[in-house]
Amino acid sequence: MPLVTSKEMLLNAQKGGYAVGAFNAENMEMVKAIIQAAEELKAPVMIQTTPSTVKYGTLDTYAGIVAAEAAKASVPVCLHLDHGSSFELAVQAMDAGYTSVMIDGSKLDFEGNVEVSRKVADVAAALDIPCEAELGKVGGKEDDLEAEADTNTDPQEAKEFAERTGVTSLAVAIGTAHGFYVGTPVLDKERLSEIRKVVDIPLVLHGASGLTDEDVADCVRRGICKVNFATELRAAYSKAVKEVLEQDPDTIDPKAYGKAGIKAVKELVMSRMKVCGCDGKAC
Ligand SMILES: [Zn+2]
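Residues 49 to 331 in the numbering used here are what the sequence shown spells out, letter by letter.
Rendered as structure tokens:
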């Protein structure tokens, strides 16, 4: 089917008490793997690209690949701009056919974040495209963003932020970090429950690569409706490719290791979808 927006997906997840998995893709193989996993599990799915991925392959190219693959699928697929770094990029993504955008003003102060988020949310609303923003800073490093880990989202600020910006979903910082964890992450789950009590739009968890299944499931129970997985997909893809090339260093056909990458990413995505509870939820 044609690409769908994330609006209904996330509202259904909020109503149903599960989360939609949002998976970062870097190439055609990863897009195919993610959609195959969604098909097999009958799950709604979000595919997303960061600004550095977009810089590498362009918005139009990713939009073309994802739309073509989604057209063959029976499950709803949404294409989302992850960590949109500027108003301009968010608008370009919507122009290119992205059906959901994030504006990440979390590096700005509160008022600056409100301002840029409201600006993008206004344009997105006019196009009936959902808009995610982030308040507080998710730790670690993704793309060119680096944050300290101790800047968790304040519940009352989150409430005010949601009301003033009109964004349709909100990424919260509760102790997760981008990239893989060095030690065991300490998640402030009580804070998540407090945010849920005062903010009624769907909440998003970033930095889920490497969290235990129990932690992800617990965050979903406490009100997370979208969980982002990026680093571990890249790792699974690269590991599978490396294995093929190590086994047969004379391999010259990109299809040979591409297939191995697809298989590895598909398996990982399926296991994460089950933890999010979105399997069987495509409608
Ligand atoms: Zn993120």
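We treat Cβ as the ideally placed atom computed from N, Cα and C, and that holds for glycine.
request  = Kindly examine ligand 1 and report whether one of its heavy atoms sits closer than 7 Å to the Cβ of valine 186.
outcome  = yes
ask   = From which residue to which residue does the alpha helix (DSSP H) around phenylalanine 135 run?
value = 135 to 144
inquiry  = Is it the case that the stretch 292 to 304 contacts the stretch 238 to 246, given that we only count it when at least three CB pairs across the two stretches are under 8 Å?
reply    = no
query = DSSP three-state call for asparagine 161: helix, strand or coil?
reply = helix
ask   = Could you give the uninterrupted runs of the beta strand (DSSP E) lying entirely in the stretch 90 to 116, keeping only those of 3 residues or more?
value = 93 to 97
Segment limits, beta strand (DSSP E) that includes methionine 321 = That residue, methionine 321, is in no beta strand (DSSP E); its alpha helix (DSSP H) goes 302 to 324.
request  = Just the C-alpha distance for phenylalanine 277 and alanine 144, rounded to the nearest angstrom, thanks.
outcome  = 23 Å
query = Regarding asparagine 276 and ligand 1, is the C-beta to nearest heavy atom distance less than 7 Å?
reply = yes
ask   = Beta carbon of lysine 329, beta carbon of alanine 70: below 8 Å?
value = no
ask   = So what's phenylalanine 71 in DSSP terms, helix, strand or just coil?
value = strand
Through-space distance from leucine 218 to glutamine 140, alpha-carbon basis = 21 Å
key: Whole-angstrom distance between serine 154 and alanine 197, CA atom to CA atom   = Model confidence at alanine 197 stands at a pLDDT of 48, short of 50, so the residue's coordinates are unreliable; what they give is reported in the following sentence. Straight-line Cα distance between these residues: approximately 13 Å.
key: Within 8 Å, strictly: CB atoms of proline 333 and proline 124   = Because residue 333 is not part of the residues shown, which for the chain are 49 to 331, the question remains open.
inquiry  = For ligand 1, is there any heavy atom lying closer than 7 Å to the beta carbon of aspartate 130?
reply    = yes
ask   = When the Cβ atoms of the stretch 248 to 265 are set against those of the stretch 208 to 222, are three or more pairs found closer than 8 Å?
value = yes
ask   = According to the neighbour-count rule (16 or more other Cβ atoms, all chains shown, within 10 Å of its Cβ), is valine 234 buried or exposed?
value = exposed
query = According to the Cβ coordinates, are arginine 166 and glycine 132 closer than 8 Å?
reply = no
ask   = Hey, how far is the Cα of alanine 225 from the Cα of glycine 187?
value = 4 Å
task = Would you kindly report the start and end of the unbroken alpha helix (DSSP H) that includes leucine 281?
result = 279 to 295
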